[in-house]
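Engineer: To start, I am sharing the structure in question, which I have written as C-alpha cells.
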Amino acid sequence: MTARGADEAHRAATPLELLFDLCFVVAVAQAAAGLHHAIAAHHVGQGVLGFAMVFFAIWWAWMNFTWFASAYDTDDTAYRVTTLVQIAGALVVAAGVGRALDHGDFAVITYGYVLMRLAMVTQWLRAAKADPERRRTALRYAGGIAVVQVGWLVRLALPQEWLLPAFFALALAEIAVPPFAERGATTPWHPGHIAERYGLFTLIVLGESILAATNAVRSAVDSGHASASLFGVAGAGLVIVFSLWWLYFDKPAEHLLTTLSASLKWGYGHLLIFASAAAVGAGLEVAVDFGTGEGEVSELVAGLSTAVPVALYLLAVWVLHILPRGRSPLAFAFPVVAVLVAASPFAGASLYVTAVLVALLVLVGLPDPSRRRAAKG
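Add 27 to the 1-based position in the sequence shown for this note's numbering, that's all there is to it.
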C-alpha cells in the first residue's frame, strides 16, 4: 500500500468509492426520516440532538475513509475487502438509527461505527508497513483511532447522565486525531480528488432530500390529499433544492485546498453542509404533512423545519466557498439571505419565501454576460 501522488493527473472517484457513498446515504436517509418523525411527534429538541449525534458518526467515518483513499487507494483485494467491511458497518449504523432516535439506545449504532473505525485501523497499519516515509503518521492514525474506539464501547456502560458529556468528549477526541497524526509527514491526499468526493456526497445527500420529499408527496396523493397547495409545496421544494445545488457547485473548490490547515477546516466544515442538506429533506416532509393537514405541528414549526437547515446550509457554503474567494456581491448577499430565510417562518408562507430568496441568490451569483464574452475572447 504505497502512497499515491498528490499531483496525479486525471484522478477521479472509483466505482468502490461511489458504492461507499451510496451505502452511507442509506444511513443518512434513516437519520433524516427519524428527524421528520421526531418533529411530527412534537419531540423537536430530542429529534435534533439525536439527528446530530447520528450524523456525526456517519460523517466522520465517511470523511476518514475519503481522505485515506485519496492518499492510499491501491484497489487491491485487501483494500477492497476492508472497504466493504466499512460499508457493512455503515449499514449496521443505518439499522440502529431508529432505536437511537426513538429510544436513545445507541448500542447498535456504536457497534456499527466501531466496526467501520477498526477496519480503518487495519488500513492505516497496512500503510505504515508499506510507506516508511509516513510510517509515524500512519501509526498515529491507527493508534489514535483504536484508543477512541475503546472509549465508544466503554460509553455504552456509563450511567445515563454521563452519556451526553461522554459523546461530546469522544467526538472531540475523534476530530483531534488527524491534526495530531499529520503533524509530521503529511499524507499525500489529492486536492482535486478530495473536492470531487465532497461534491459527490453533497450531490447524493441533496438527491436523498428530493427523494424524501417526493415520497411524502406521493403518499399524500395516494391518500387522496392532492391539491394545488400540495403541488405548490412540491414546486417550492424543488426550487430550494435546485438552488442549493447551484450555489454549492457554481465554482470549483479544488484551489481552496492549499494547505493542510485550510483543507481540514474545509473538510470539517462540510459536516454542517451535509447535515443541513439532509435535514432539508426532513423539513420538506414536514411541510407536506402540514400542507395536507396530516401533521399536528404548528405553521411556525413547519416553516422552521425547512428554513433553519436552508439557512445553515447557506452560511456553511458562504464560509467555506464564498469568503475565501474575496469580496464579491455574493460575499454580502449570502449572510443576508440566510438571515431572511431563518426569519421567514415568522412572516408566514415561509417555504415560498425561502424558494424565492435562494433563487434570487442564484441570480446574484450569475456571471455578467459581457464579462463571459470577454473571457471567451
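Even for Gly, the Cβ is constructed at its ideal location relative to N, Cα and C.
Computed from a predicted structure; not experimentally measured.
(1) Identify which residue in Leu388, Gly264 and Arg107 has its Cα closest to the Cα of Ser355.
(2) Excluding sequence positions up to five away, which residues of its chain have a Cβ less than 8 Å from the Cβ of Ala79?
(3) Look at the alpha carbon of Ile114 and the alpha carbon of Gly375, and state the distance between them as a whole number of angstroms.
(4) Output the residue ranges of the alpha helix (DSSP H) runs that lie fully inside the stretch 260 to 328 and measure 4 residues or longer, sorted by chain position.
(5) Let's test the definition: count the other Cβ atoms within 10 Å of the Cβ of Thr110 and tell me whether it reaches 16, buried, or not, exposed.
(6) Using the rule of at least 16 other Cβ atoms within 10 Å of the residue's Cβ for burial, across every protein chain shown, is Gly404 buried or exposed?
(7) If we ignore side chains and look at the alpha-carbon of each, how far apart do Val363 and Phe317 end up?
(8) Taking 8 Å as the threshold (C-beta atoms), are Glu209 and Ala305 in contact?
(9) Need the endpoints of the alpha helix (DSSP H) that Trp216 sits in, please.
(10) Of the choices Gly131, Phe361 and Asp48, whose alpha-carbon is the least far from that of Gly77?
(11) By the three-class DSSP mapping on this structure, what secondary structure does Leu384 have?
(12) With 16 other CB atoms within 10 Å as the buried threshold, where does Gln187 fall?
(13) For the pair the stretch 247 to 256 and the stretch 212 to 220, tell me if three or more CB-CB distances fall below 8 Å.
(14) Determine, using beta-carbon pairs with one atom in the stretch 63 to 70 and one in the stretch 138 to 152, whether at least three such pairs fall under 8 Å.
(15) Taking the continuous alpha helix (DSSP H) assigned at Gly123, which residues delimit it?
(16) For Val407, tell me which candidate among Val71, Tyr106, Cys50 and Asp100 has the shortest Cα-Cα distance.
(17) If you draw a straight line from the alpha carbon of Ala314 to that of Thr333, how long is it in whole angstroms?
(18) With three or more beta-carbon pairs closer than 8 Å as the criterion, would you say the stretch 160 to 169 touches the stretch 199 to 214?
(19) Answer yes or no: do Val71 and Val328 have a C-beta to C-beta separation smaller than 8 Å?
(20) Keeping to the same chain, check which residues put their C-beta closer than 7 Å to that of Trp179; ignore five residues upstream and five downstream.
(21) Report, in whole angstroms, the separation of the C-beta atoms of Leu339 and Leu299, which I expect to be a contact under 8 Å.
(22) Is DSSP giving Arg162 helix, strand or coil here?
(23) Just tell me which of Asp103, Phe373, Ala263 and Ile349 has its CA closest to the CA of Glu326.
(24) Return the residue from the list Ala193, Ala184 and Tyr225 that minimises the CA-CA distance to Phe92.
(25) Answer with buried or exposed for Asp34, where buried requires no fewer than 16 other C-beta atoms within 10 angstroms of its C-beta.
Structural biologist: Once the coordinates are examined:
(1) For the purposes of this step, residue 355 is taken as the residue at position 328 of the sequence shown. Cα-wise, what sits closest to Ser355 is Leu388.
(2) What you label residue 79 is simply residue 52 of the sequence shown in a count that begins at 1. Excluding positions up to five away in sequence, the list reads Ala302.
(3) In the sequence shown, counting from the first residue as 1, residue 114 sits at position 87. In the sequence shown, counting from the first residue as 1, residue 375 sits at position 348. Cα to Cα, Ile114 sits roughly 43 Å from Gly375.
(4) 287 to 319
(5) Taking the first residue of the sequence shown as 1, we reach residue 110 at position 83. Thr110 should be labelled buried.
(6) Position 377 of the sequence shown, counting from 1, holds the residue named residue 404. Residue confidence is low: Gly404 scores 44 on pLDDT, short of 50, so the model does not pin down where it sits. No coordinate-derived value is stated.
(7) Locating residue 363 in the sequence shown gives position 336, where the first residue counts as 1. Locating residue 317 in the sequence shown gives position 290, where the first residue counts as 1. Whole-angstrom Cα-Cα distance: 27 Å.
(8) Position 278 of the sequence shown, counted from the first residue, corresponds to residue 305. Position 182 of the sequence shown, counted from the first residue, corresponds to residue 209. Not in contact: Ala305 and Glu209 (Cβ atoms no closer than 8 Å).
(9) Here residue 216 is taken as the residue at index 189 of the sequence shown, counted from 1. Taken as a continuous stretch (DSSP letters only), Trp216 belongs to no alpha helix (DSSP H), as it is neither H nor E.
(10) The residue given as residue 77 occupies position 50 in the sequence shown. Per the Cα distances, Gly131.
(11) For the purposes of this step, residue 384 is taken as the residue at position 357 of the sequence shown. Here Leu384 sits in helix by DSSP.
(12) Counted from its first residue, the sequence shown places residue 187 at position 160. Gln187 is exposed by the Cβ-count criterion.
(13) no
(14) no
(15) As a first step, residue 123 must be located in the sequence shown, where it is residue number 96. Looking at the DSSP string, the run of the alpha helix (DSSP H) that includes Gly123 is Thr104 to His130.
(16) Nothing about residue 407 can be reported from this structure: the residues present for the chain run from 28 to 404 only.
(17) What you label residue 314 is simply residue 287 of the sequence shown in a count that begins at 1. What you label residue 333 is simply residue 306 of the sequence shown in a count that begins at 1. Roughly 8 Å separates the two Cα atoms.
(18) yes
(19) In the sequence shown, residue 71 corresponds to position 44, counting from 1. In the sequence shown, residue 328 corresponds to position 301, counting from 1. For Val71 and Val328, yes; Cβs fall inside 8 Å.
(20) On the sequence shown, residue 179 is found 152 positions in, with the first residue counted as 1. Same-chain partners within the cutoff: Thr137, Tyr140, Val141 and Leu197.
(21) Position 312 of the sequence shown, counted from the start, is the residue given in the question as residue 339. Position 272 of the sequence shown, counted from the start, is the residue given in the question as residue 299. Right, the Cβ-Cβ distance comes to about 6 Å (below 8 Å), so this counts as a contact.
(22) On the sequence shown, position 135 is the one that residue 162 refers to. Reduced to three states, the DSSP call for Arg162 is helix.
(23) In the sequence shown, the residue the question calls residue 326 occupies position 299. Among Asp103, Phe373, Ala263 and Ile349, the Cα nearest to that of Glu326 is on Phe373.
(24) Counting from one through the sequence shown, the residue named residue 92 turns up at place 65. For Phe92, the nearest C-alpha among the options comes from Tyr225.
(25) Translated into the one-based positions of the sequence shown, residue 34 becomes position 7. Classification of Asp34: exposed, given that the 10 Å Cβ count is below 16.
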